[in-house]
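Below: one structure, written as structure tokens.
There are 2 protein chains.
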Amino acid sequence: VQFWFDFASTYSYPAAWRVEALARRQGVPVEWKAVLLGPIFQAQGWNASPFNLFPMQGRSMWRDLERICADLERPFRRPSQFPRPRVLAARVAGRFAAEPWLPDFVRAVFWANVAEDRDIARPVVLEHGLGALNLPGAAWLQEAQSPAGKARLRTQTEQAMAPGIFGAPTFVVGAAWFWGNDRLEPALARAVHHGGGRDVLGVQAHRFAAP
Amino acid sequence: VQFWFDFASTYSYPAAWRVEALARRQGVPVEWKAVLLGPIFQAQGWNASPFNLFPMQGRSMWRDLERICADLERPFRRPSQFPRPRVLAARVAGRFAAEPWLPDFVRAVFWANVAEDRDIARPVVLEHGLGALNLPGAAWLQEAQSPAGKARLRTQTEQAMAPGIFGAPTFVVGAAWFWGNDRLEPALARAVHHGGGRDVLGVQAHRFAAP
Chain R
958 VQFWFDFAST YSYPAAWRVE ALARRQGVPV EWKAVLLGPI FQAQGWNASP FNLFPMQGRS
1018 MWRDLERICA DLERPFRRPS QFPRPRVLAA RVAGRFAAEP WLPDFVRAVF WANVAEDRDI
1078 ARPVVLEHGL GALNLPGAAW LQEAQSPAGK ARLRTQTEQA MAPGIFGAPT FVVGAAWFWG
1138 NDRLEPALAR AVHHGGGRDV LGVQAHRFAA P
Chain Y
958 VQFWFDFAST YSYPAAWRVE ALARRQGVPV EWKAVLLGPI FQAQGWNASP FNLFPMQGRS
1018 MWRDLERICA DLERPFRRPS QFPRPRVLAA RVAGRFAAEP WLPDFVRAVF WANVAEDRDI
1078 ARPVVLEHGL GALNLPGAAW LQEAQSPAGK ARLRTQTEQA MAPGIFGAPT FVVGAAWFWG
1138 NDRLEPALAR AVHHGGGRDV LGVQAHRFAA P
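Taken in sequence, the protein lines are chains R and Y. Using our numbering, the letters of the first sequence map in sequence onto residues 958 to 1168. Using our numbering, the letters of the second sequence map in sequence onto residues 958 to 1168.
Quick look at the structure:
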């Protein structure tokens, strides 16, 4: 299963915690795919998060997310800034997508943003997150911001738009995609029943990077 | 639990089938509340269904609904017209909200629209649905379109907007509301734990009409 997420996507937070454990239980490898929803929203005519454009949906989402996190016993504090700029974090996640520490880094960034209300746009916050994983934070941030690192995230966002991904989290299994944290279970069920096929981007499933 | 639904709301279709059985199992009475989303969408600046305004969300919804209906083993055929005019059906549901046959009528209308792709705007379709329940279809339709019947639905739609209901299905339990077919379970859990309180409209829970 491909797990497409955006660090500013609120429902990507519980999904980032659920995906690995649930997928492992069913023997499904997870490919972590960072994406920036900004350009995708713009293509739909939205110049901001729909949760800000449509305040009733926004209020409903925050309440819903609070309930979901309570059920998962995950800490939740509504970020004082929403959405937070997250290009740098997304570039790290794009550049180092296949690294074994990547899932831990992704969760650390979500934790900083949502549980601790820290500004993940600040390089020092990400450097700290990488350092906590015993990684050379400053060097990896520099690498993520290299032309190759920037291009990688741009390509990944374009790849997301091709099959029609318009929000996060989205789970892709072969040619099927499932939008939303609460569609993780049907996505994994599909992966178990239809494993081994080619995904929407033409990549063999067995090439998925196992977490 | 109050079950707020719109006959043109796609996710209200599976919800209309699930709500009664699940609620009964947990001893929770259901109050069926028809609503017209049109004025509610307009208040948000939408002059049409968001599933038509935002085609990517629309495509995703139809696919998702097909999967949900397959899981529930409910027939599904994408209606050739969406959304269908449903003022008359909603007026019937509003006028006869407390009648014991109302849930069966609501499901019959959803069935006609979604499973059989019939035009529920046509009085004869609704008359047939009422007749199948051994009710005087023509007389009840006339009653639903009386000034009192029209006012009833208008009032009900205004009541929905007060606590911030912006979509359907929405489940209301006391002061809490839950948006979406897949939020029925948490809504019922809340009803079981917090039963007997006053709802958002100030109505005692024990006055809920049992199905």
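Cβ atoms here follow ideal geometry from the backbone N, Cα and C, with glycine treated the same way.
For residue 1063 of chain R, the enclosing alpha helix (DSSP H) begins and ends at 1059–1067.
Residue ranges of uninterrupted alpha helix (DSSP H) with 4 or more members, entirely inside the region 978–1011 of chain Y and ordered along the chain, are 994–1000, 1007–1010.
Restricting attention to R:1002, R:970, R:1109, the CA atom closest to the CA of residue 1139 of chain R is found in R:970. Under the three-state reduction of DSSP, residue 1114 of chain Y is assigned to helix. Not a single C-beta of chain R is nearer than 9 Å to the C-beta of residue 966 of chain Y. Contact annotation, residue 963 of chain Y with residue 1125 of chain Y: C-beta distance approximately 4 Å; criterion of less than 8 Å satisfied.
Contact between the region 989–1000 of chain R and the region 1115–1125 of chain R is established, with three or more Cβ pairs separated by less than 8 Å. Looking at the DSSP output, residue 1136 of chain Y shares a beta bridge with Y:1127. Interface criterion met: the Cβ of residue 1001 of chain R is under 9 Å from a Cβ in chain Y. If you look at residue 1099 of chain Y, you'll find it in the alpha helix (DSSP H) that goes 1094–1101.
Annotated three-state conformation of residue 1038 of chain R is coil, per DSSP. Looking from the CA of residue 1071 of chain Y, the closest CA among Y:1099, Y:1005, Y:1118, Y:1026 belongs to Y:1026.
Exclusion of the five residues before and after residue 1098 of chain Y leaves 1045, 1049, 1080, 1083, 1084, 1087 as the residues of its chain whose Cβ lies within less than 8 Å of its Cβ. For residue 1102 of chain R, no Cβ of chain Y is located within less than 9 Å of the residue's own Cβ.
Taking residue 1037 of chain R as the centre and dropping the five residues before and after it, the same chain places the C-beta of 1074 closer than 6 Å to its C-beta, in chain order. The shortest CA-to-CA distance from residue 1019 of chain R to any of R:1106, R:1104, R:968 is the one to R:968. Taking 9 Å as the cut-off, the beta carbon of residue 1015 of chain Y is found closer than this to the beta carbon of residue 1009 of chain Y.
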